[in-house]
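Q: Have a look at the structure that comes next, please.
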Amino acid sequence: DIQMTQSPSSLSASVGDRVTVTCRASQSISSFLNWYQQKPGKAPQLLIYAASSLQSGVPSRFSGSGSGTDFTLTISSLQPEDFATYYCQQSFSTPQTFGQGTKVEIK
Amino acid sequence: EVQLVESGGGLVQPGGSLRLSCAASGFTFSAYWMHWVRQAPGKGLVWVSRINSDGSSTSYADSVKGRFTISRDNAKNTLYLQMNSLRAEDTAVYYCAREMELLLGYDAFDIWGQGTMVTVSS
Numbered sequence: 005d006i007q008m009t010q011s012p013s014s015l016s017a018s019v020g021d022r023v024t025v026t027c028r029a030s031q032s033i034s035s036f037l038n039w040y041q042q043k044p045g046k047a048p049q050l051l052i053y054a055a056s057s058l059q060s061g062v063p064s065r066f067s068g069s070g071s072g073t074d075f076t077l078t079i080s081s082l083q084p085e086d087f088a089t090y091y092c093q094q095s096f097s098t099p100q101t102f103g104q105g106t107k108v109e110i111k
Numbered sequence: 581e582v583q584l585v586e587s588g589g590g591l592v593q594p595g596g597s598l599r600l601s602c603a604a605s606g607f608t609f610s611a612y613w614m615h616w617v618r619q620a621p622g623k624g625l626v627w628v629s630r631i632n633s634d635g636s637s638t639s640y641a642d643s644v645k646g647r648f649t650i651s652r653d654n655a656k657n658t659l660y661l662q663m664n665s666l667r668a669e670d671t672a673v674y675y676c677a678r679e680m681e682l683l684l685g686y687d688a689f690d691i692w693g694q695g696t697m698v699t700v701s702s
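If you read the protein sequences in the order shown, they are chains A and B. For the first sequence, position 52 matches number 56 in this note's numbering, and the numbering has no gaps at all. For the second sequence, position 35 matches number 615 in this note's numbering, and the numbering has no gaps at all.
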């Protein structure tokens, strides 16, 4: 199975900050990398697919980059509604493994 | 409205069984691969199982293989997860999710249900 490792596990940031979350795969997954946002008590929501494509309806302050084994999710200017947990997921092979999550908290 | 609604969760004793359902609406259910993903309390997302569009192919996480069975009824627009020999470590919120090809060859889970809680405890 492909292991996905996110860093950091949590971070504190202020509204307006630029935030970066990193995801590393245990082997090359090309661009088969998705990002999800999950708020407490809610289902995950797709933000980014194919490493850098923005899902319809997702604000443009979210962006993704990377290929191979190293990927990044960036929030250009953190908004109050962005405080949540973010997960990466590889869709290169089954099982489609998730990272352990990065919790973005208010500073 | 495109929607997935899970049901069937609850409290069950270790060794018991439970069947989860996921009712789909607002889209052509029979055209999509479907997945189950679970989340233990306070923990991250874990992929559990998937089924192809006509039900002829399935796959499972090692942790549930031989105990869980995924199936679907395209006439009823419903996905199922039969869970047998349940263990305490199966306690989680179970989500069903639709797999969508958003870019040629690139898939993601674009629609999720609200989740149903399964608690395995004596």
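The C-beta atom is built at its ideal place from N, Cα and C for all residues, glycine as well. Owing to the predicted nature of the structure, the values given are computational and were not obtained by experimental measurement.
Counting only the same chain and skipping the five closest in sequence on each side, list residues whose C-beta sits under 7 Å from that of S30 (chain A).
A: If you number the first sequence from 1, residue 30 (chain A) lands on position 26. So the list reads I6 and Q7, once near-sequence residues are dropped.
Q: I need the DSSP call for F96 (chain A), collapsed to helix, strand or coil.
A: Position 92 of the first sequence, counted from the start, is the residue given in the question as residue 96 (chain A). Three-state DSSP puts F96 (chain A) in coil, outside helix and strand.
Q: From the beta carbon of Q662 (chain B), is the nearest beta carbon of chain A less than 8 Å away?
A: As a working mapping, residue 662 (chain B) is identified with position 82 in the second sequence. Output row for Q662 (chain B): interface = no.
Q: Which ranges does the beta strand (DSSP E) cover as unbroken runs of at least 3 residues, wholly within the segment 31-84 of chain A, from first to last along the chain?
A: 37-42, 49-53, 66-71 and 74-79
Q: Beta-carbon separation of A688 (chain B) and M680 (chain B) under 8 Å?
A: Locating residue 688 (chain B) in the second sequence gives position 108, counting from the first residue. Locating residue 680 (chain B) in the second sequence gives position 100, counting from the first residue. In contact: A688 (chain B) and M680 (chain B) (Cβ atoms closer than 8 Å).
Q: Could you name each continuous beta strand (DSSP E) segment of 3 residues or more that falls completely within the segment 5-33 of chain A, going from the start of the chain to the end?
A: 8-11, 14-17 and 23-29
Q: How long is the line joining the alpha carbons of L58 (chain A) and F66 (chain A), rounded to whole angstroms?
A: Counted from its first residue, the first sequence places residue 58 (chain A) at position 54. Counted from its first residue, the first sequence places residue 66 (chain A) at position 62. Going from the Cα of L58 (chain A) to the Cα of F66 (chain A) covers about 8 Å.
Q: Using 8 Å as the threshold, is the C-beta distance between N38 (chain A) and S95 (chain A) below it?
A: Start at 1 with the first residue of the first sequence, and residue 38 (chain A) comes out as number 34. Start at 1 with the first residue of the first sequence, and residue 95 (chain A) comes out as number 91. Contact flag set, yes.
Q: Let me know the beta strand (DSSP E) ranges lying completely inside the segment 643-678 of chain B, each 3 residues or longer, listed in chain order.
A: 648-653 and 658-663
Q: Can you tell me whether S702 (chain B) is helix, strand or coil according to DSSP?
A: What you label residue 702 (chain B) is simply residue 122 of the second sequence in a count that begins at 1. Three-state DSSP puts S702 (chain B) in coil, outside helix and strand.
Q: Within the 8 Å Cβ cut-off, does L50 (chain A) reach chain B?
A: Start at 1 with the first residue of the first sequence, and residue 50 (chain A) comes out as number 46. Chain B has a Cβ within less than 8 Å of the Cβ of L50 (chain A).
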